[in-house]
Structures are given as C-alpha cells and as structure tokens.
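Read the structure below first, then the notes.
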Amino acid sequence: MEQFQRLGLSQNVLHAIEQLGYETPTEIQAQAIPHLLGGERDFIGLAQTGTGKTAAFGLPLLERLDPSKRHVQALVLAPTRELGQQIAQQIELFAKYDEGIQTTAVYGGANIATQISQLRKPCQVVIATPGRLIDLAKRKAIALDQIECVVLDEADEMLNMGFKEELDTILAMTPDSKRTWLFSATMPKEIRRLVKHYMTDPIEVRIDPKTAVNDQIEHRYALVRNVDKAEALTRFMDLNQELFAVVFCRTKRETQELAEGLMKKGYRADALHGDLSQPQRDRVMKRFKLKHLQVLIATDVAARGIDVQDVTHVFHFNLPNDNAYYTHRSGRTARAGKKGVSIAFISRREKAIISRMAGALSIDFTPISIPDSKAIASARLDHWAQVVIEREENEGLPMDLWFAMKEWFEGVSKDALLNRLVSLELSKLHVTRGKDLNWTEDDSGRTSNYKTGRSAGRSGGRTPGRAYGRPTEKRQRQTRSENDKQNRPSKKKFNQRTPFTPQDDGDLRYSRRTRSDGRSSAQPKVREEAPFAKFKKKKKGDK
Numbered sequence: 002m003e004q005f006q007r008l009g010l011s012q013n014v015l016h017a018i019e020q021l022g023y024e025t026p027t028e029i030q031a032q033a034i035p036h037l038l039g040g041e042r043d044f045i046g047l048a049q050t051g052t053g054k055t056a057a058f059g060l061p062l063l064e065r066l067d068p069s070k071r072h073v074q075a076l077v078l079a080p081t082r083e084l085g086q087q088i089a090q091q092i093e094l095f096a097k098y099d100e101g102i103q104t105t106a107v108y109g110g111a112n113i114a115t116q117i118s119q120l121r122k123p124c125q126v127v128i129a130t131p132g133r134l135i136d137l138a139k140r141k142a143i144a145l146d147q148i149e150c151v152v153l154d155e156a157d158e159m160l161n162m163g164f165k166e167e168l169d170t171i172l173a174m175t176p177d178s179k180r181t182w183l184f185s186a187t188m189p190k191e192i193r194r195l196v197k198h199y200m201t202d203p204i205e206v207r208i209d210p211k212t213a214v215n216d217q218i219e220h221r222y223a224l225v226r227n228v229d230k231a232e233a234l235t236r237f238m239d240l241n242q243e244l245f246a247v248v249f250c251r252t253k254r255e256t257q258e259l260a261e262g263l264m265k266k267g268y269r270a271d272a273l274h275g276d277l278s279q280p281q282r283d284r285v286m287k288r289f290k291l292k293h294l295q296v297l298i299a300t301d302v303a304a305r306g307i308d309v310q311d312v313t314h315v316f317h318f319n320l321p322n323d324n325a326y327y328t329h330r331s332g333r334t335a336r337a338g339k340k341g342v343s344i345a346f347i348s349r350r351e352k353a354i355i356s357r358m359a360g361a362l363s364i365d366f367t368p369i370s371i372p373d374s375k376a377i378a379s380a381r382l383d384h385w386a387q388v389v390i391e392r393e394e395n396e397g398l399p400m401d402l403w404f405a406m407k408e409w410f411e412g413v414s415k416d417a418l419l420n421r422l423v424s425l426e427l428s429k430l431h432v433t434r435g436k437d438l439n440w441t442e443d444d445s446g447r448t449s450n451y452k453t454g455r456s457a458g459r460s461g462g463r464t465p466g467r468a469y470g471r472p473t474e475k476r477q478r479q480t481r482s483e484n485d486k487q488n489r490p491s492k493k494k495f496n497q498r499t500p501f502t503p504q505d506d507g508d509l510r511y512s513r514r515t516r517s518d519g520r521s522s523a524q525p526k527v528r529e530e531a532p533f534a535k536f537k538k539k540k541k542g543d544k
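The opening residue of the sequence shown carries number 2 in the numbering used here; numbering runs sequentially from there.
See below:
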C-alpha cells in the first residue's frame, strides 16, 4: 500500500482499497491519479481495457467531491449497462468510509420511473449510458448545469456504438467550466474531434499496450475447423471439471446458438448479448457469479464490465477484430493475482494473425491439441480417484450395513474390486470411437480411439455442421435437389393429372403438376423423412 499512499489519497480511500485487496497501482493508475487529484486541466488516458482505469479515475473523483452538496457533481458516461453497473459498484466500494457520498447508475432496459425516483434523492455521482441520460434530461429528471467533472470511459467504444450525437448533446448541456477526463483504448479521429471541441489543453497519458497484458495469463491457440469448434469447446469442458469460463463470439446470433446447443447437451451454459432485456441480463450474470453456470457465452460489447472472480479460462470462439479486444477478453481471467488460460480457436489462415498479435502485445502463444476422448476419460478417472482418496472415512455408518457389505466383498481381491469399480465408472462415459478435431497440415479426417457420450463425456453423437450438427445452407440445397430427383415422376406420369393426398404429419413443400389446360401449377408435396440423409447419385445408364 505504500505506493498508493505516495499518490496522495486520503486515509478513508486507502482503507477502502486495502480491504479490496489493492496492493500496487497499475501503470495507468500510477500516472493518472496524481494529475487528477490536484490538477485543474482536462485529462486524456489512453490504455487498454482491463488495466484498472476505473480506479484510475474513480479514486481521485471521490477526493474532489463535497458531501455537503446535495446536487450531482460528477457524471461518468459508459457505453454499456454492464460497464455502468460495474463502475457504480466499484465507486460505492471505494467510498465505503466517505459518509455522505451517494452514487446512482442509470441505463437503458431498466424501469425509468424507478431511476427518476432515485435521482430525486441526494446524489453526488451519476453513472449513465448516453441514451438513457438524454431521456432523463428531457424529462427534467436530472440537471447537468452544475456538473463539475465529466468522465468519458471507453470513449472509443461509445463512438463505435453510434453515440456520437448523444455525446455532443450531453457535453453541450454541461458547464464550460467543468473538468473532462477521457479514457480510451485508441485515439481515432472522432475522439480527436471531441478533444478539440470540448477539452482545453488536456494532459495526455499513454500506456504502451505491451505493458498492459497480464503476465499471469497463459496464451494458447488450437487449430480447428469452424464446424468442429462447438465440439472442441465441449471437449475442453469435459477435460477439466473445475473449468469456469467466458466464451467470446462475434455475433449475437452465434452467441445464442452456441449457448442453446450447449444447454441441449446438458451443459451449464447461457448467453449474454444485446438482444436480452435488462432483467434477463441481470439473471444470467447472477447465475454466472454464483457459479450456477460453468460457461458464459458473450459478445464483446455485452461483456464490457464483467468482473467475476475465479474465471479459469477464456475461449475465443472467433478471433477479435483488433488487439484491444483480445486484451479485454483475456483480462476476464487471472484477476486478483490468480493465474488463467486464454485459448483461441483458429483456422490455418489465422496463424498469421496470431503471430502479428503476439508481436504487437509481446506475448507468447503456445499451440495446443484438442483433447481426444481417451484423454478426457483418463482425466475424468483421475478426478474420480482423487475424490475417492480425499474422502474421509465415515465412522458413523450403521454397523449392520457395514458388516453386510464386508460379507458381500469378502471373497473379492483388492485388484479385482478396483478393476470392477474402474470399469463401472468408465462405462458411464460411453467410450466409443470419435473424430480427431485437430486440424493439421496432413489432416484427412482421422478418428481417435475413444469418444465420450453425454452421460459423462458430453461430446458424442452429432453430425458436424455450422453449429451443433446443423447442416449448412449449401448442404440443405443439395439435399433438397437430391430429394426432388428421387421423387420426381417420370415424363409419362408427369403429364397426367394425379390427385393430391397429403399425409397427416408430413412437412409440406411445393412441386409442380400439370393442370387440365396443359399449364403447370404448384401442388404441395410431402417431403421425405431424414432430410439430411445422403443419396447415392445415379450413374449414366442406370434406370
């Protein structure tokens, strides 16, 4: 704590962060806090996400507040609801020993009447998303004319999400005398426009991205085909019973489909993305924090502000578009001094991207293999054996049952009993042959010796497809074409008018038939069962 003390923070704040486990300030905290504590100039902090920016502006912000003033003195703008909630929670923890400091978070998706009621109470700090803040200002629920400090957190992300006009409106509603603190991972031209129009002679602190990467994270990648990524994920989940992970996808649709596929397979998983209502998002996050979920499937935007302890793994189902997102994603693990693992599923072509990312961030990526089912079975048996060995003897067993069991196993040797117990446990895994998912240069669709089913291994029995066995659109079109060829009547019968008799439970499609006037029309036809079955093509000369 000595380094935090040298920054000039008050005893109340130091006491609060000491209880939170803070020991040494990050680079952005060490450079920003002294400027923000006593300086009267605007400030720009350029640092990657996950580098401790909330404390970098939150701690000096509290020191500048006057608890005797009941109006809003500080405004913090954040791009997403989750990040806004996270900032509010952190500032409340920082202000634990500062009596009279009240914070309020307002964001879209929540009941606006409740938020209006909260704003009527004394409040010094408001954390808001841009859209909801403008809505509240139009309703006269909040006054911005006495704001003394505005913090723009993740400014580049707010602009990427289309909040340019909202930011212009909000900053124009605040006093010219205010201090503006801008934090961003990048400095695009739109950020420079904001700086030029709304900031005066700002101090700029830039943190090298290479120093922002957590060295407690092991960075790995696995070569895998796109259609095999879902099964590859389940194999890692099966291999490690203690896995507690966040899985990042690019799109909301892919996020939802992957989560639904995992849930259907019996995994404790759920999705977090922008199409969920606020109560749904809150419910998902609560389940994840309580570890009722093993994996959280999320988009980059929805995952902003996620701060959950003990996350062991981060999976990149798709690589992010830039290095800043990779740093943010990976930063969900290895928190509070703990170690973590970041695993990227990539194609052969993306190996070059991994190489460039490694150079830009000064990290080492280690290639790993996707575990086959034999390795999963071995790991599960090891886990089972460890549980049995660590189980304490129960001296309270009923004696009659104890002697009855001893009599049952009296004639069985130790080796024979162990063999039967292992065989029984192994039978629960439904060990079968399975595909090798590792994508190598000489890959030819090899199969491994074992494959586990859902009862304990969870990764068996599905047809490869775009996601969890779903056939690609191209394959569906090919199959429909093959079905048409199989069911098309001969030319002789085609010119005859045949009555249509649909079956009760068929899937109706339209085929062509000849009307009485010689012209063709559409007639519903029953599609065959097993639409994804493979049909043998007819060779020339076959009848």
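Backbone N, C-alpha and C define an ideal beta-carbon position, used for all residues, glycine too.
The structure presented is a predicted model; accordingly, all values stated were derived computationally and were not measured.
Burial state of residue i, where buried means 16 or more other Cβ atoms lie within 10 Å
i, result
"Val14", "buried"
"Asp177", "exposed"
"Glu100", "exposed"
"Asn439", "buried"
"Pro503", "Its pLDDT being 41, under 50, Pro503 is placed unreliably by the model, and the measurement read from it follows with that caveat. With fewer than 16 other Cβ atoms within 10 Å, it is exposed."
"Leu297", "buried"
"Pro372", "buried"
"Gln125", "buried"
"Ser370", "exposed"
"Met400", "exposed"
"Asp276", "exposed"
"Ser118", "exposed"
"Leu402", "exposed"
"Arg16", "Note on identity: in this sequence residue 16 is His, with Arg being the wrong assignment. His16 comes out exposed."
"His220", "buried"
"Val413", "exposed"
"Ala114", "exposed"
"Thr367", "exposed"
"Arg180", "buried"
"Gln86", "buried"
"His274", "buried"
Assigned secondary structure, residue i (DSSP; H/G/I helix, E/B strand, else coil)
i, result
"Gly462", "With a pLDDT of only 39 at Gly462, under the threshold of 50, the placement of this residue in the model should not be trusted; the figure read from the coordinates follows. Three-state DSSP puts Gly462 in coil, outside helix and strand."
"Tyr268", "coil"
"Thr334", "coil"
"Gly262", "helix"
"Glu166", "helix"
"His220", "strand"
"Ser370", "coil"
"Glu255", "helix"
"Gln504", "In this prediction, Gln504 scores a pLDDT of 41, lower than 50, which makes its location untrustworthy; no coordinate-derived value is stated."
"Asp421", "Per the sequence presented here, residue 421 reads as Arg, with Asp not at that position. Reduced to three states, the DSSP call for Arg421 is helix."
"Arg510", "Low confidence applies to Arg510: its pLDDT is 36, below 50, so where it sits in the model is not reliable enough to give any reading."
"Leu153", "strand"
"Leu438", "coil"
"Ile143", "coil"
"Leu320", "coil"
"Ile171", "helix"
Start-to-end residues for the alpha helix (DSSP H) that takes in residue i
i, result
"Arg180", "No alpha helix (DSSP H) holds Arg180; the beta strand (DSSP E) holding it covers 180-185."
"Ala353", "352-362"
"Arg42", "From DSSP, Arg42 is part of no alpha helix (DSSP H); its letter is neither H nor E."
"Thr105", "It is not in any alpha helix (DSSP H) - Thr105 instead sits in the beta strand (DSSP E) that spans 104-107."
"Glu393", "Note, Glu393: premise wrong, no alpha helix (DSSP H); not H, not E."
"Ala156", "156-161"
"Val14", "12-20"
"Val196", "190-199"
"Gln4", "3-7"
"Asp404", "Looking at the sequence itself, residue 404 is Phe, so the reference to Asp does not match. Note, Phe404: alpha helix (DSSP H), 400-409."
"Ala546", "The structure shown does not extend to residue 546, since the chain is modelled only from 2 to 544, so the question has no answer here."
Cβ distance (whole Å) where residue i is taken to contact residue j below 8 Å
i, j, result
"Leu422", "Phe316", "That belief does not hold up - the Cβ atoms of Leu422 and Phe316 are roughly 34 Å apart, past 8 Å."
"Thr50", "Thr328", "6 Å"
"Val312", "Ala378", "Not a contact, Cβ separation roughly 26 Å."
"Leu183", "Met200", "7 Å"
"Ala1", "Gly46", "Lying outside 2 to 544, the shown extent of the chain, residue 1 is not represented and no answer is given."
"Leu294", "Arg269", "5 Å"
"Lys290", "Val309", "5 Å"
Residue range of the beta strand (DSSP E) that includes residue i
i, result
"Val1", "Residue 1 is absent from the model: the chain starts at 2 and stops at 544."
"Ile344", "341-347"
"Val225", "Note, Val225: premise wrong, no beta strand (DSSP E); not H, not E."
"Ala246", "246-250"
"Glu205", "204-207"
* To do: List in chain order: all unbroken alpha helix (DSSP H) runs of 4+ residues lying wholly within the region 23-76.
  => Taking only runs of at least 4 residues, the alpha helix (DSSP H) segments lying wholly in the region 23-76 are 28-39, 54-64.
* To do: Give, in chain order, every unbroken run of the beta strand (DSSP E) that is at least 3 residues long and sits entirely within the region 80-133.
  => 104-107, 126-129
* Return the chain-ordered ranges of every alpha helix (DSSP H) run that is complete within the region 268-299 and spans a minimum of 4 residues. => 279-290
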